[in-house]
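**Student:** Numbering (this note's numbering), first residue to last: 7 to 179.
In this text, a Cβ means the ideal position worked out from N, Cα and C, and glycines have one as well.
Let me give you the structure first, and then I'll get to my questions.
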């Protein structure tokens with residue numbers, strides 16, 4: 007699989023989701039161009055905060071693209087309980103980070119309920135085998151990571167990366 011055209015996160019470091027989505031859209035829809043404001047709208051970006059994945063998942067179909075999401079969080083349960091449920095699944099540190107760094111929780115809970123109806127969500131822990139299978143099928147894979155851990159620091163800060171290949175040593179992001 008060829009590498010997608012790289013789109014950088016912005017200086018405020020709040021647009022990793024939009025950069026990843028922009029790379030995916032550029033790869034599969036090369037005839038179209040998406041500005042950062044368009045990517046913000048497609049992903050439900052909240053100024054100064056960031057974005058969850060729900061709005062983008064709701065928008066892929068209208069762009070003629072398929073999406074699948076594998077997460078250990080049940081969107082159905084998240085839609086009911088929000089941050090309380092997130093704290094149970096991912097721990098209080100991640101739930102507190104999400105509360106401080108993302109947008110309107112009630113809006114996201116509603117979006118999560120809509121994603122559940124699309125039946126594109128698998129409620130389980132994703133595996134390396136999942137990534138390999140998607141890549142073999144010519145999909146690009148976006149994953150959420152702890153950028154602090156990647157930087158060798160303690161604590162949590164959510165970040166999105168795009169995987170477009172793999173080899174014997176690991177994945178290519």
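Which residue comes first and which comes last in the alpha helix (DSSP H) that contains residue 117?
**Tutor:** Element bounds for residue 117: 111-124.
**Student:** Over what stretch of residues does the alpha helix (DSSP H) that includes residue 71 continue unbroken?
**Tutor:** Element bounds for residue 71: n/a, residue is neither H nor E.
**Student:** Enumerate in chain order the residues of its own chain whose CB-to-CB distance from residue 110 is below 8 Å, with the five nearest sequence positions on each side excluded.
**Tutor:** Answer for residue 110: 52, listed in chain order.
**Student:** For the alpha helix (DSSP H) containing residue 15, name the first residue and the last one.
**Tutor:** Counting along the chain, residue 15 falls outside any alpha helix (DSSP H), and DSSP gives it neither H nor E.
**Student:** Going by Cα to Cα distance, which pick from 49, 160, 116, 152 is closest to residue 82?
**Tutor:** If we check each option's Cα against that of residue 82, 116 comes out closest.
**Student:** Thinking C-beta only, is residue 58 closer than 8 Å to residue 16?
**Tutor:** No.
**Student:** Cβ atoms of residue 22 and residue 127: under 8 Å apart, would you say?
**Tutor:** Taking 8 Å as the Cβ cut-off, residue 127 and residue 22 do not qualify as a contacting pair.
**Student:** If you compare alpha carbons, which of 75, 171, 69 is closest to residue 37?
**Tutor:** Residue 37 has its Cα closest to that of 69, out of 75, 171, 69.
**Student:** Could you name each continuous beta strand (DSSP E) segment of 3 residues or more that falls completely within the stretch 24-111, going from the start of the chain to the end?
**Tutor:** Runs found: 75-77.
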